[in-house]
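The structure under discussion appears below in the form of structure tokens.
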Amino acid sequence: MDSMDSSHPHSHASHERQASIHLQPQTEAGEYDASADATAPQTIEIPADSGHGVTSGATTPGYGYHQSTTPSSPAPAKRSNESKPASDLVYPNCKRIRVDDSTPPASPANCPIPASTTPGPESSPSECVADRLSNRFKPSGSKPPYRSRSLPATLRKRRRNHESLQQHLPPVTLSTLRELDLSEIYRNPKLRHDVVFDAQLHFRPNLDGSRGRRKREQADIYWKLVLHECEMLFANVRNRQARVAGMAVKLPTLFKTMKDILSTLVPKSDREDVEAALDHIFLMQQLEHGVLDFKKLSEWLARVLKAHCAPMRDQWVEQMVARVAYGVDNGKISALVDGLKMVFGILEAMKLDVANHQIRTLRPHLVSTAVHFEQGYFEERIQSGRLDMREPRSWFQNALKADSDPYICFIRATTEMLAPSKYATYPATFTFDFERLDGIRDDIREATCLKLAVIFFRQLVLPSKRDIDAATIDRLRVEVLAILSEEEGPNRWHKGSNAVALHIAQTAHQFNGHAGLVDAKNVAFAEGWFQNQLRTDSRVYGHVEQEVIKDITALVLQAMKSWSSLSTSPIMQAADLTGSSVELAAIAQKISHIAFLHWRIFGKLYISA
């Protein structure tokens, strides 16, 4: 493969001398982490190959969590009096006794069992609900289940086993939280690329679109089935019935998952207490014999969670305790299940908090190693045949002029491909920037249409022969954008063209010294002319767009000539490259950051062709 750019700052040598970065414990709005100590500083170990290429197993984010650019609230300081719970308060601190199934169960004083629960030979309404819910996971009627013929029999069996197992897992597990681990963040090329352009990038639960809707539906089904399982289990306990084999399927997994996640959020010194208190086998024995004290368990969980989560989560934790207590005191099993559901929400929030704190803290390191990391990543993809460089090289060669600087030609080609009238396809080497480039293309469209509106106004006021000051133009721009603020979507200029044309005609009418309203004939002319010129195939629009592209290119060239590395470029201070803007300087800044990083990664590959 052709050699990659070697002018980037090599970070792997210096990072060997700084193998770890000491951070303050995570204390901000909840999301997720692997270890957070309330009393001792957290140590984040930077993998030795964090600045190098990634393996083919690297993935892009978005499977379970979404990267948001909305600024998150700053991490509040951890309270000095928040320490791990006293050992004598750990629950349960009692000798474990395995109760024989033949022994009559103890009185279920602590189990929230409605008084109206009366088991019988016929299924209860709750059973019917569970049956209907379960039918979503199994074939109905006498028809055999559908078999995919696209997979071998062994793989089909594995897939069915996997799907069957997933039905018994809570919506939040160690597996779903895995992409928030520090090691996964380092291996995620898309995330590391996005961090360069957005200092406020952070994770949030991905509940958008059809995928998010399916996740919510599956979570609702799971908690309904947990409720049904609890109702059946408590009914058997209340009526001294023998335990039905396999009755409790989801609850053991629920307690085990809760223990596994919480163990990753507390220091090693506290993990033994967590393992003992949330031993799912022992908890299920207590539950099946009616001696599990849910109130005491929730209070112990509250002490542990408050000791290691952000103070802003305390209210959520207290609501969980209150919900569980209400369910126990009033025999409301649904309230008890709500409390369990809240525990998993709190655990997910804590994990998210830690991951977002790590991203913000490690951003300087991720930026300084971005070029070297992405060079290794794309080099591996080129060598494996997953990235074809013929089309990107052809794009660059078409823009290259014999007597021109390749760097300048690249900048011009990058800016010109963003012209809305051409709607050119982006080279595959820009794969991590497609969304950003689309946003910039929309900004150029906005700037072009706004300039077209100003030109139209200037033409209408020519008869007055008056000078137009900058304040008049600025006021007109603000008013036009205010009119369009009521419209949404990429076609808002076409949707609001008549309203904008009417406003421009009326403003020009008054500027020319006329009183009253502009006549209908001039209004019709303004609406027709302006709507036609907004078309991207219009000659006037094409001319104005070329002028805008030319001005932006000049600003980009001026900015990039003064940059020598990512460390000296304004990227470190550029926190928002995702918002829309009609100001040419802001548009040029966005293009400059993308083009600068792209050239550092692929420049020599383009030139070598």
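Residue numbers (full-length UniProt numbering): 1 to 609.
In this text, a Cβ means the ideal position worked out from N, Cα and C, and glycines have one as well.
Since the model is a prediction, treat every value here as computed from it, not as a measurement.
| task | State the DSSP-derived secondary structure class of Q67, mapped to helix, strand or coil. | result | If you number the sequence shown from 1, residue 67 lands on position 67. Per DSSP, reduced to three states, the secondary structure at Q67 is strand.
| task | Whole angstroms is fine: what's the gap from Y205's alpha carbon to H357's? | result | As a position in the sequence shown, residue 205 is number 205, starting the count at 1. As a position in the sequence shown, residue 357 is number 357, starting the count at 1. Per the sequence shown, the amino acid found at residue 205 is Pro instead of Tyr. Their backbone Cα atoms lie some 16 Å apart in a straight line.
| Helix or strand or just coil, what does DSSP make of P267? | By one-based count along the sequence shown, residue 267 stands at place 267. Looking at P267 - three-state DSSP - the assignment turns out to be coil, as it is neither helix nor strand.
| task | Taking all protein chains shown into account, decide if D443 is buried (16 or more other Cβ within 10 angstroms of its Cβ) or exposed. | result | For the purposes of this step, residue 443 is identified with residue 443 of the sequence shown, where counting begins at 1. Counting C-beta atoms within 10 angstroms of its own C-beta, D443 has 16 or more neighbours from the protein chains shown and is therefore classed as buried.
| field | Assigned exposure category for T425 - 16 Cβ within 10 Å defines buried | value | Locating residue 425 in the sequence shown gives position 425, counting from the first residue. So T425 ends up on the exposed side.
| task | Count the other CB atoms, across all protein chains shown, that sit within 10 Å of the CB of K465; report buried if there are 16 or more and exposed otherwise. | result | In the sequence shown, residue 465 corresponds to position 465, counting from 1. When all chains shown are included, K465 counts as exposed.
| said: Nearest by alpha-carbon distance to M560: which of T414, H509, P427 is it? | reply: Indexing the sequence shown from 1 puts residue 560 at position 560. The option with the nearest alpha carbon to M560 is T414.
| request: Give the single residue among V582, L534, R360 whose Cα lies nearest to the Cα of I552. | output: Numbered from its first residue, the sequence shown carries residue 552 at position 552. It is V582.
| Expressed to the nearest angstrom, what Euclidean distance is found between the alpha-carbon atoms of R363 and H193? | Position 363 of the sequence shown, counted from the first residue, corresponds to residue 363. Position 193 of the sequence shown, counted from the first residue, corresponds to residue 193. Linking R363 to H193 through their CA atoms gives a straight-line distance of about 11 Å.
| said: I'd like the span of the beta strand (DSSP E) that includes R204, first residue to last. | reply: In the sequence shown, the residue the question calls residue 204 occupies position 204. From DSSP, the beta strand (DSSP E) with R204 extends over 202-205.
| query | Going by other Cβ atoms of all chains shown within 10 Å of its Cβ, with 16 needed for buried, is I601 buried or exposed? | reply | By one-based count along the sequence shown, residue 601 stands at place 601. Buried, by the Cβ-count rule.
| said: Using 8 Å as the cut-off, can you tell me whether the stretch 406-420 makes contact with the stretch 459-474, which would need three or more C-beta pairs spanning the two stretches below that distance? | reply: Touching, no.
| query | At what residues does the alpha helix (DSSP H) containing G290 begin and finish? | reply | For the purposes of this step, residue 290 is taken as residue 290 along the sequence shown, with counting starting at 1. Careful: G290 lies outside any alpha helix (DSSP H) and carries neither H nor E.
| request: Kindly give me the distance between the Cβ atoms of H308 and V371, rounded to whole angstroms, as I take these residues to be in contact under 8 Å. | output: Looking up residue 308 in the sequence shown gives position 308. Looking up residue 371 in the sequence shown gives position 371. That pair is no contact at about 37 Å.
| query | Considering C409, what are the terminal residues of the alpha helix (DSSP H) in which it resides? | reply | Along the sequence shown, read from residue 1 onward, the residue named residue 409 stands at position 409. First-last of the alpha helix (DSSP H) with C409: 406-416.
| query | Are the stretch 339-349 and the stretch 167-178 touching, with three or more C-beta to C-beta distances below 8 Å? | reply | As far as the Cβ criterion goes, the stretch 339-349 touches the stretch 167-178, which means the pair count is three or higher.
| request: Taking 8 Å as the cut-off, decide whether the C-beta atoms of V337 and C230 are in contact. | output: For the purposes of this step, residue 337 is taken as the residue at position 337 of the sequence shown. For the purposes of this step, residue 230 is taken as the residue at position 230 of the sequence shown. Result yes, Cβ atoms of V337 and C230 sit closer than 8 Å.
| task | Can you tell me the Cβ-Cβ gap for V461 and F430, rounded? I've got them flagged as a contact below 8 Å. | result | For this step, residue 461 is matched to residue 461 along the sequence shown. For this step, residue 430 is matched to residue 430 along the sequence shown. Not quite, the Cβ-Cβ distance comes to about 42 Å (not below 8 Å), so this is no contact.
| message | Does the contact criterion of 3 or more C-beta pairs under 8 Å hold for the stretch 259-277 versus the stretch 220-227? | response | No, because fewer than three Cβ pairs between the stretch 259-277 and the stretch 220-227 fall closer than 8 Å, the two stretches do not touch.
| query | Looking at the unbroken alpha helix (DSSP H) that takes in R539, where does it start and where does it end? | reply | Working through the sequence shown from its first residue, we reach residue 539 at position 539. Residues 539-560.
| message | I'd like to check one pair, I483 with A499: are the Cβ atoms closer than 8 Å? | response | In the sequence shown, the residue the question calls residue 499 occupies position 499. In the sequence shown, the residue the question calls residue 483 occupies position 483. In this structure, A499 places its C-beta atom within 8 Å of the C-beta atom of I483.
| Hey, I440 and K590 are a contact pair by Cβ (cut 8 Å); roughly how many whole angstroms apart? | Counted from its first residue, the sequence shown places residue 440 at position 440. Counted from its first residue, the sequence shown places residue 590 at position 590. With a Cβ gap of about 5 Å, I440 and K590 count as contacting.
| task | Compare the beta carbon distance of Q286 and L292 with 8 Å and say whether it is the shorter of the two. | result | Locating residue 286 in the sequence shown gives position 286, where the first residue counts as 1. Locating residue 292 in the sequence shown gives position 292, where the first residue counts as 1. It is a contact, given that the beta carbons lie within the stated cut-off.
| request: Could you tell me how far apart the beta carbons of A335 and V321 are, in whole angstroms, since I believe they sit closer than 8 Å? | output: Position 335 of the sequence shown holds residue 335. Position 321 of the sequence shown holds residue 321. Contact annotation, A335 with V321: C-beta distance approximately 12 Å; criterion of less than 8 Å not satisfied.
| field | C-alpha gap between R393 and I607, whole angstroms | value | The count along the sequence shown starts at 1 and reaches residue 393 at position 393. The count along the sequence shown starts at 1 and reaches residue 607 at position 607. Across the structure, R393 and I607 are spaced so that their CA atoms are roughly 8 Å apart.
| query | Which residues in the same chain have their Cβ closer than 7 Å to the Cβ of I587, if we skip the five residues on either side of it in sequence? | reply | Here residue 587 refers to the residue found at position 587 when the sequence shown is read from its first residue. Cβ within range, chain order: I440, D443, I444, A447, I552, S581.
| task | Can you check the stretch 360-410 for any beta strand (DSSP E) of at least 3 residues that lies completely inside it and give the ranges in chain order? | result | For secondary structure counted as the beta strand (DSSP E) over 3 or more consecutive residues, the stretch 360-410 holds no complete run.
| field | Closest Cα partner of E288 within the set E272, Q319, Q315, V249 | value | Position 288 of the sequence shown holds residue 288. Per the C-alpha coordinates, the member of E272, Q319, Q315, V249 positioned closest to E288 is V249.
| task | Might you give, ordered along the chain, the residues of its own chain that have their beta carbon closer than 6 Å to the beta carbon of A505, omitting 5 neighbours on each side? | result | For the purposes of this step, residue 505 is taken as the residue at position 505 of the sequence shown. Excluding sequence neighbours, A505 sits near V518, N522, V523, A526.
| query | What did DSSP end up calling Q319 once you bin it into helix, strand or coil? | reply | Counting from one through the sequence shown, the residue named residue 319 turns up at place 319. Q319 falls in the helix class under three-state DSSP.
| said: I'd like to check one pair, L352 with F203: are the Cβ atoms closer than 8 Å? | reply: Position 203 of the sequence shown holds residue 203. Position 352 of the sequence shown holds residue 352. A contact, by the Cβ cut-off of 8 Å.
| Alpha carbon to alpha carbon, how far is Y407 from S538? | Along the sequence shown, one-based indexing puts residue 407 at 407. Along the sequence shown, one-based indexing puts residue 538 at 538. It is roughly 32 Å from the alpha-carbon of Y407 to the alpha-carbon of S538.
| When the Cα atoms are used, what is the spatial distance from L305 to L254? | Against the sequence shown, residue 305 aligns to sequence position 305. Against the sequence shown, residue 254 aligns to sequence position 254. Those two C-alpha atoms are separated by around 17 Å.
| query | If you draw a straight line from the C-alpha of W542 to the C-alpha of T536, how long is it? | reply | Counting from one through the sequence shown, the residue named residue 542 turns up at place 542. Counting from one through the sequence shown, the residue named residue 536 turns up at place 536. Looking at the sequence provided, one finds Gly at residue 542 rather than Trp. Approximately 7 Å between the Cα atoms of the pair.
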